[in-house]
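>
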Ligand SMILES: C[S@@+](CC[C@H](N)C(=O)[O-])C[C@H]1O[C@@H](n2cnc3c(N)ncnc32)[C@H](O)[C@@H]1O
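Residue numbers (the working numbering): 204 to 430.
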């Protein structure tokens, strides 16, 4: 239940049906997030975002490697974010911010002046049972909200150890009017994440580029791949 609350708490119909106590907690969390984003991102224009960053291994190494990018890692698991924050404090990167936030809420409250340039999603929860597919983070609505927050030509990188989950992801990207699959995968091997270790490094990857299309254009494309 907790995960469903996190995944759908920006949906007004669902929040209306929630236990008022839970709803108040979520509203409080959203107010805190909105304030934090407004005050911290006053001067930012383009950011690199990792969704479901866990303990922060990947983004800490990434921010050190790419000091010119402002990197934000978010996760709904507070304990994991606490560990990521400690990692950021120990790191020499000054361009790194880990934040307790749910992805749809983050996209909703991200100031409109700030655009996503790169998005990384590593080993998202695969929810392998059919009745749980609705809990997967990759959904048409999510890809649309992500596209709205991106600058043109933004890149979305997703990696998972689950072949079936990646099929699902590819199908949704192919069906979208905004994202185009790239042939080239660009996953810098900068650090090993917790779930990368747990899954013994088994990985399928997909990279997509934001390129809003007219419906008719979309249908003309035989493979829907760019470069
Ligand atoms: C399987 S773990 C992978 C963690 C990390 N990327 C790694 O490779 O070790 C998936 C992570 O996504 C987070 N998560 C799930 N749904 C989320 C959401 N809607 N918004 C933000 N984080 C989410 C979970 O809390 C969890 O830490």
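Where a beta carbon is used, it is the ideal one built from N, C-alpha and C, also for glycine.
The model shown is predicted, which means the values in this text are computed figures rather than measured ones.
Closer than 7 Å by C-beta to residue 390: which residues in its own chain qualify, once you throw out the five before and the five after it? Chain order, please.
360, 362, 408, listed in sequence order.
> With which residues is residue 274 paired in a DSSP beta bridge?
251, 299
> Taking only runs that begin and end inside the stretch 343-368, name each unbroken alpha helix (DSSP H) of 4 or more residues, in chain order.
343-351
> If you compare alpha carbons, which of 299, 254, 273 is closest to residue 280?
The shortest Cα separation from residue 280 among 299, 254, 273 belongs to 254.
> Kindly indicate the opening and closing residues of the beta strand (DSSP E) around residue 409.
407-413
> Going by the DSSP bridge assignment, what does residue 234 pair with across the sheet?
BP columns for residue 234 are empty, so no partner.
> Rounded to whole angstroms, what is the Cα-Cα separation between residue 267 and residue 229?
33 Å
> Please name the residue, chosen from 249, 277, 227, 401, that lies closest to residue 324 on a Cα-to-Cα basis.
277
> Take the Cβ of residue 260 as the centre, count every other Cβ of all protein chains shown within 10 Å, and call the residue buried at 16 or more, exposed below.
buried
> Apart from the five residues on each side of it in sequence, which residues of its chain come closer than 7 Å, Cβ to Cβ, to residue 355?
Sequence-distant partners of residue 355 (beyond 5 residues in either direction) whose C-beta falls short of 7 Å from its own C-beta, in its chain, are 413.
> Do the stretch 374-385 and the stretch 336-351 meet, that is, are 3 or more Cβ pairs less than 8 Å apart?
They touch, by the three-pair rule.
> Tell me whether residue 323 sits in a helix, a strand or coil according to DSSP, three-state version.
strand
> Suppose contacts are defined by Cβ-Cβ distances below 8 Å. Is residue 320 in contact with residue 275 by that definition?
no
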